[in-house]
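So the sequence shown is numbered by our numbering: it starts at 429 and just counts up by one. Glycine included, every Cβ here is placed at the ideal spot set by N, Cα and C.
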Amino acid sequence: MKKIIVIISLLFLGIIAVTWLYFKSMSGVEGSKESVFKVIPDNASLVFEYKNENSFYDIFKDFGLFKDVLGNQSIDHLGALKRIFVDDKSISGVFNKSDLFFSIHQTGKSKSNILIIAPFGKDLNLSESEMIELIKTKYKIIKDSSASDHSYQIAFSNQSNFHFYIHQKTLIGSFDKSLVEESKAKLTNGKSANQFKIDFTNPRNRNSIANLYINFAKLPNFLNNFSSRKNPAETFSLKSIDATASLNINYQSNAFMFSGITEVNQKATNYFNLFLNQQPGQNTLRNIIPNDAADYSFFYVSDFKRFRKGLDNLFILRKESEKLKTQLENIRTKHSINIDQELLPVLANEFGVVQLASGDKIGIVKTNNTNRLSFLLSTISSPSEDQIKHFDDSFLLYYFLGDPFKYFRRPYYAIVENHLIVANNSSALKRFLNSYKKQDFLIRTDKNIVFQQYLSNQGNIFYFIHNSNSKAIISSFLNSTSYTAFKSDDFKWTDIYGLAIQFSSDKDRFFTNLYMSKIPYQGQLLPKVDSLMIDSLTQSNKK
429 MKKIIVIISL
439 LFLGIIAVTW
449 LYFKSMSGVE
459 GSKESVFKVI
469 PDNASLVFEY
479 KNENSFYDIF
489 KDFGLFKDVL
499 GNQSIDHLGA
509 LKRIFVDDKS
519 ISGVFNKSDL
529 FFSIHQTGKS
539 KSNILIIAPF
549 GKDLNLSESE
559 MIELIKTKYK
569 IIKDSSASDH
579 SYQIAFSNQS
589 NFHFYIHQKT
599 LIGSFDKSLV
609 EESKAKLTNG
619 KSANQFKIDF
629 TNPRNRNSIA
639 NLYINFAKLP
649 NFLNNFSSRK
659 NPAETFSLKS
669 IDATASLNIN
679 YQSNAFMFSG
689 ITEVNQKATN
699 YFNLFLNQQP
709 GQNTLRNIIP
719 NDAADYSFFY
729 VSDFKRFRKG
739 LDNLFILRKE
749 SEKLKTQLEN
759 IRTKHSINID
769 QELLPVLANE
779 FGVVQLASGD
789 KIGIVKTNNT
799 NRLSFLLSTI
809 SSPSEDQIKH
819 FDDSFLLYYF
829 LGDPFKYFRR
839 PYYAIVENHL
849 IVANNSSALK
859 RFLNSYKKQD
869 FLIRTDKNIV
879 FQQYLSNQGN
889 IFYFIHNSNS
899 KAIISSFLNS
909 TSYTAFKSDD
919 FKWTDIYGLA
929 IQFSSDKDRF
939 FTNLYMSKIP
949 YQGQLLPKVD
959 SLMIDSLTQS
969 NKK
């Protein structure tokens, strides 16, 4: 009996020890990554992380999309650093199997650059001076005499210099000296808070070979840096998000494919947060967008009353509520109809806006009662031509559906099957109706079929940009310097087919899927889906 008690006691102690070691190791991982993000300047909107292991380089050795997006110069710089710190066997051991981080920052008007954060291997006991001496055995290092602390640079034959410093066994550097200075200033000023709200203990983040972190709150300033107009409408959707995404890479040979979690600032008062605590649903609106669609923003709500309550509160905070209520009262008086009570029951779960290559915007609202909707709208509109009518009053759809429809002040409209279609001019609406009649839809094209197969058709928010159809629109708001770079041979943006971002609500956060692919080559076979997409992610997390 005593022997049994002793064995049980030892097993119990063993379980406690293993548990303690497990959480201790998790705490170490969390702490090391947390410290990395504390040296990243606060204006970072994107951070890419990958494991410095042979498996990563083997998988992505023929992957060309990094070069297409970042440009030849950035890739040449990163390649030069790889030859020093990864390929050179006398130095590579310092960073063996460590996680490498790359943050992207605006560094001047129409300019951006990358900050590199490379922690030493966790089992490596190496001082700063020893690290510098190790590099000096192969490469010429110049110490920055103007700096009060230890800052260095490596000069390359193309007259570019890599500036870096070492802090707590972590190398922090960039080809832009100002970025390095910003990072050091963040430490010396004692303002080393982490702007990215990320759960580093999440097993998906720890086990993934590469991760992408997005701070959506920082995107507006970053995108405006390359624009000739502040906050152009074309980028509005991604600029109204106050959240941080932590996405894991899923390998696909000609695409960036990430899936993961977006943690939302619960205190933020914006349109994006209205879709929290909604059940995801099927996106059917994508089936009717015309072949010349440049981009779309589609939305799905499972509980319209909850959505409207949140929207009303948002209008109050924006001090727009009284004006909109006055508008509804005017409609009641003028048309003898309580549109506030009558319209809501005939709206279905989907709505959104498509922008065409011409720049015209088309609003689409799905209805569950076509006849009733047609009657209601006929009482508050005037005939225009054929099946097209014109709203008599302003901002009606904005009141019911919010931000995407603020652009449509007093639009023209037509009802096609179970969809309300609106546009600001009748010619744009007629072109859409003609495409609808001919069934000339983007989703039926070969390239879009290849693109769509990797996307989930379930969610609450769906963003899509068609690169080729968007060229004229993008050129209209890029400043001249950015547009010249966009068209140059340094980048291969012309090889990109499109970008899609999808958000599926899970209570107070979103499952997120980001997908950017190159144009499929002619005759490309539809590849087998070999990655974890958001549908399976949603199911596994809800079990």
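Which residues DSSP lists as bridging P718, in chain order = F869
Return the CA-CA distance between Y977 and M944, expressed in angstroms with no decimal places.
-> Residue 977 cannot be examined here, being either before or after the span of the chain that is shown, 429 to 971.
Excluding the 5 residues preceding and the 5 following T795 in the sequence, name in chain order all residues of the same chain whose CB lies nearer than 8 Å to its CB.
-> V774, L775, A776, L801, I843, N846, H847, L848
In angstroms, rounded to a whole number, what distance separates the CA positions of F548 and R859?
-> 60 Å
For S453, is the classification buried or exposed, using 16 other Cβ atoms within 10 angstroms of its Cβ as the cut-off for buried?
-> Confidence at S453 is low in this model, with a pLDDT of 42, below 50, so its placement is unreliable and the value that follows should be read with caution. So S453 ends up on the exposed side.
May I have the straight-line CA-CA distance separating N622 from L543, to the nearest angstrom?
-> 15 Å
Do you know offhand how far S540's Cα is from N630's?
-> 30 Å
Buried versus exposed call for T672 [16 or more other C-beta atoms within 10 Å across all chains shown] | buried
Identify every run of the alpha helix (DSSP H) within the stretch 838–895, keeping only runs that are complete inside it and at least 4 residues long; order them along the chain.
-> 854–866, 874–880
If you drop the 5 nearest sequence neighbours on each side, which residues of the same chain put their C-beta closer than 6 Å to that of E556?
-> I594
Euclidean distance between Cα positions of N480 and K489 | 13 Å
Through-space distance from S854 to A638, alpha-carbon basis = 48 Å
What are the residues that DSSP puts in a beta bridge with N589?
-> A583
In chain order, which continuous runs of the beta strand (DSSP E) of length 3 or greater are located wholly inside the stretch 736–792?
-> 775–784
Going by other Cβ atoms of all chains shown within 10 Å of its Cβ, with 16 needed for buried, is R736 buried or exposed?
-> buried
Coil, strand or helix - S555 by DSSP | coil
C-alpha gap between G998 and Y724, whole angstroms | Shown here, the chain extends from 429 to 971; a query on residue 998 therefore has no answer.
Buried versus exposed, by CB contacts within 10 Å (16 or more), S585 = exposed
Residue closest to S665, alpha-carbon to alpha-carbon, out of N635, L675, N701 | N701
Since N426 sits in a beta bridge, which residues does DSSP pair it with?
-> Only positions 429 to 971 of the chain appear in the structure, and residue 426 is not among them; the question remains open.
Does DSSP put S806 in a helix, a strand or coil?
-> helix
Figure out for me which residue from L704, F819, L713, S908 has the closest Cα to the Cα of T807.
-> F819
N- and C-terminal bounds of the beta strand (DSSP E) containing H533 = 527–536
In angstroms with no decimal places, state the Cα-to-Cα distance between I877 and G830.
-> 31 Å
Excluding the 5 residues preceding and the 5 following L438 in the sequence, name in chain order all residues of the same chain whose CB lies nearer than 7 Å to its CB.
-> For L438, the pLDDT reaches just 42, beneath the cut-off of 50, and the residue's location in the model is therefore unreliable, although a value from the coordinates is still provided. No residues qualify anywhere along the chain.
Report buried or exposed for E757, applying the criterion of at least 16 other Cβ atoms within 10 angstroms of its Cβ.
-> exposed
Between which two residues does the beta strand (DSSP E) carrying Q930 extend?
-> 924–934
Relative to the C-alpha of S526, which residue among I503, D496, V464 is closest?
-> V464
Status (buried if at least 16 other CB within 10 Å, exposed otherwise) for T940 = buried
Return the CA-CA distance between L506 and F476, expressed in angstroms with no decimal places.
-> 13 Å
8 Å contact criterion, which K946 and N682 should meet: CB distance rounded | 4 Å
For Q706, collect the residues of the same chain with a Cβ closer than 8 Å to its Cβ; drop the 5 residues on either side in sequence, then sort them by chain order.
-> Y728, V729, S730, D731, R734, F735, N888, S933
Could you have a look at D427 and say whether DSSP puts it in helix, strand or coil?
-> Absent from the model: residue 427. The displayed extent of the chain is 429 to 971, so no value can be given.
With respect to the beta strand (DSSP E) encompassing K817, which residues constitute its N-terminal and C-terminal limits?
-> 816–819
Cβ pair Q930, F890 closer than 7 Å = yes
Close beta carbons around I669, own chain, < 6 Å, minus the five adjacent residues each side = F644, F700
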